[in-house]
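One structure is given below, encoded as structure tokens.
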Amino acid sequence: MEVAAMGIAIALPLFPALLPILVVLLLCSAIWARATPGLVPRKLTARSPLFWSAALYGAYMVGLLWSSNMEFAGLDLGIKSSLALFALIPIVGVPSIQSIRPKLAFIGANAIAVMICPIRAVFRSVDLYLHAIPQGHPEGIR
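Letter by letter, the sequence shown follows residues 16 to 157 in my numbering.
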């Protein structure tokens, strides 16, 4: 469970494309950890934000009944599936993570992202400036 939490903490600022896989890993590890003794599942009550995220996902699915663009709807449901998946974690039981490592991983990944993003922005700006056509428009933009 801690490894999945650390993976999400690192992937959130640096590798967002890995988040769906890591969310599934987190859910699977929560289900696997349920087999350990002493783990008590919690009730998903209306006071929980996870309840409301699952309710929002359900409302979104109902709203798709009026959509004519079902190709995008399937893709969008996959993107928003974490709203429902995270709500399942308290139902299967939540092992407590007493480690500070996921928090430190998140802080470190954000610090790295803060250093990488301005360098990347300057590189892209210089590249765009150097590859501009004589009329002043960047290549590919008309």
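In this text, a Cβ means the ideal position worked out from N, Cα and C, and glycines have one as well.
In the DSSP assignment, Ser68 falls within the alpha helix (DSSP H) that extends over 64-78. The residues Ala124, Ile127, Ala128, in chain order, have a CB closer than 7 Å to that of Leu29 in the same chain once the five nearest residues on each side in sequence are set aside. A direct Cα-to-Cα measurement between Met16 and Ala26 gives close to 15 Å. Shown here for Pro117: same chain residues with a beta carbon closer than 7 Å to its own, the five before and five after excluded, namely Glu17, Ala20, Met21, Ala24 in chain order.
Apart from the 5 residues on each side of it in sequence, Thr60 sits with its Cβ closer than 7 Å to the Cβ of Phe66 in its chain, given in chain order. Within 10 angstroms of the beta-carbon of Val38 lie 16 or more other beta-carbons, which makes it buried. For the 9 Å CB-CB criterion, Ala88 and Leu79 form a contact.
Taking C-beta separations shorter than 7 Å and ignoring five residues to either side along the sequence, the partners of Leu98 in its chain run Ser68, Ala69, Leu71, Tyr72, following chain order. Counting along the chain, the unbroken alpha helix (DSSP H) around Ser140 starts and ends at 116-145.
Annotation: the continuous alpha helix (DSSP H) that includes Ala19 extends over 17-29.
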